[in-house]
Amino acid sequence: MNRRAVLAEALGSLLLFTTVIGSGIMAERLAGGNVAIALLGNTLATGAILFVLITMLGPVSGAHMNPAVTLVMRLRGHIRTGAALAYGAAQMVGGVIGVWLAHVMFDMPLLQLSTKLRDGPGQWAGEAVATFGLVLTILGTARTRPDSAPTSVALYIVAAYWFTSSTSFANPAITVARSLSDSFAGIAPSCVPAFVAAQIIGAIAAHFAAGIIFRSPIEDRA
């Protein structure tokens, strides 16, 4: 197991989750009650940090920072089971620490639970679509334009914050972590299982779709 890669996943998740929670808190405080402006601030910060993290950490660990992405990479044979489990643990631990770091920076209680309900078929469909699109973007760009992966993923998430009903969590680890923050980006713990299930469904669907769409010419002739 590559310890540097596992550390990169932990640090990347920490910085990503800190950005999501911290920018949500900052945006809400500055937006004067305008939810659209708050969401815009949250969106831009998330897209920007994703570009930076994927560019910086991609060569080290692949910059998954997302158990759904790690799952798909395991299904495709790009990572072994032990490494995938280590990645998942690192993503979760680093992410939760990132949430707590955001709370410290904004003088909020360290330990808290979200009270923001995000529930219903529309929200679940939004998460499935968001995760499907994210994973398909990663797999497709890796096959056709690997140098564009940081830009493609960052822009996809910026778009998905706005075109999905759930504002595109698209990540089981960040869904759990956001349940630990009663802030703009939070989600009530009771809503987490359905979100995670939808994300896994979307990720696996993208895995199969990518296998069809991005087949090589040699595979097509087989």
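As numbered in the working numbering, the sequence shown has no gaps in its residue numbers, which increase by one up to the final residue, 589. By construction, the Cβ of each residue, glycine as well, lies at the ideal position given by its N, Cα and C atoms. Source: prediction; values computed, not measured.
A check of alpha carbon separations from His431 across Arg545, Ala565, Leu478, Ala377 identifies Ala377 as the nearest. Arg441: member of the alpha helix (DSSP H) spanning 434-442, first to last residue.
Taking each of Ala573, Gly391, Gln566 in turn and checking the Cα distance to His470, the smallest one comes out for Gly391.
Residues Ala544, Leu547 of the same chain have their beta carbon placed closer than 7 Å to that of Val463, with the five preceding and five following residues left out of the count.
Spatial neighbours of Leu503 in its own chain (CB-CB distance under 7 Å, excluding positions within 5 residues in sequence) are listed in chain order as Ala573, Ala576, Ala577. For Leu480, there is no enclosing alpha helix (DSSP H), since its DSSP letter is neither H nor E.
In this structure, the alpha-carbon of Ala394 lies about 23 Å from that of Val559. Contact between the region 486-506 and the region 412-419 is absent: fewer than 3 CB-CB pairs across the two stretches fall below 8 Å.
Around Ala451, the same chain offers Thr437, Arg441 as residues with beta carbons nearer than 6 Å, after the five sequence neighbours per side are excluded. Cα atoms of Asn369 and Val419: separation of roughly 22 Å, rounded to the nearest angstrom.
Note that the C-beta distance between Ile554 and Lys483 is below 8 Å. Looking at the backbone, the Cα of Gly449 and that of Met475 are separated by about 36 Å.
Cβ atoms of Leu424 and Gly379 come within 8 Å of each other, at about 5 Å. Taking a C-beta distance under 8 Å as the contact criterion, Tyr523 and Leu506 do not qualify as a contact pair. Contact between Gln566 and Thr498 holds, with the beta-carbon distance rounding to 4 Å and staying under 8 Å. In the assembly as shown, Asn401 is an exposed residue. Its beta-carbon has fewer than 16 other beta-carbons within 10 Å. Bounds of the alpha helix (DSSP H) holding Ser380 are 370-397. Assignment of Ile446 by DSSP, reduced to helix, strand and coil, places it in the coil class. Remark: C-beta atoms of Trp529 and Thr386 do not approach each other more closely than 8 Å. Residue Ile421 holds the alpha-carbon nearest to the alpha-carbon of Leu382 among Ile421, Ser535, Leu406, Ala398.
Secondary structure within the region 489-556: the alpha helix (DSSP H) runs of 4 or more consecutive residues, fully enclosed, are 516-530, 539-545 (chain order).
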